[in-house]
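Asks: The numbering of the sequence shown is our numbering, which starts it at 2 and goes up by one. Here a beta-carbon is modelled for each residue, glycine too, at the ideal position from N, C-alpha and C.
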Amino acid sequence: NFAVPEKSDVKISVYNSVGKEVAVYFMKQRDPGNYFVTFNAGALPSGVYFYKLETANFSDTKKMLLVK
């Protein structure tokens, strides 16, 4: 789940623990509000990952733990 603070295109990037981008999602012109993305981690091993939400004037990075 994530919140978009302003009307904007949205990019969500997922990185592994060494900084390699392992997934990216683009969404065009989202209004402010709460959204969700289904992250298909079937090909990824368990571990720590980071996801970065970017809009035109906002960026936030958070950590997640994938356990299989």
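State buried or exposed for residue 11, treating a residue as buried only when at least 16 other CB atoms are found within 10 Å of its CB.
Replies: By the 10 Å Cβ count, residue 11 comes out buried.
Asks: Quick check: the Cα distance between residue 25 and residue 52, rounded to an integer number of angstroms?
Replies: Near 9 Å, if we compare the C-alpha coordinates of residue 52 and residue 25.
Asks: For the beta strand (DSSP E) containing residue 10, name the first residue and the last one.
Replies: Start and end: 9 to 16.
Asks: My output table needs one value for residue 2: the three-state DSSP class, helix, strand or coil.
Replies: Looking at residue 2 - three-state DSSP - the assignment turns out to be coil, as it is neither helix nor strand.
Asks: Any idea what DSSP makes of residue 48, helix, strand or coil?
Replies: Note: residue 48 maps to strand in three-state DSSP.
Asks: Which of the three DSSP states is assigned to residue 38 in this structure?
Replies: If DSSP states are grouped into helix, strand and coil, residue 38 belongs with coil.
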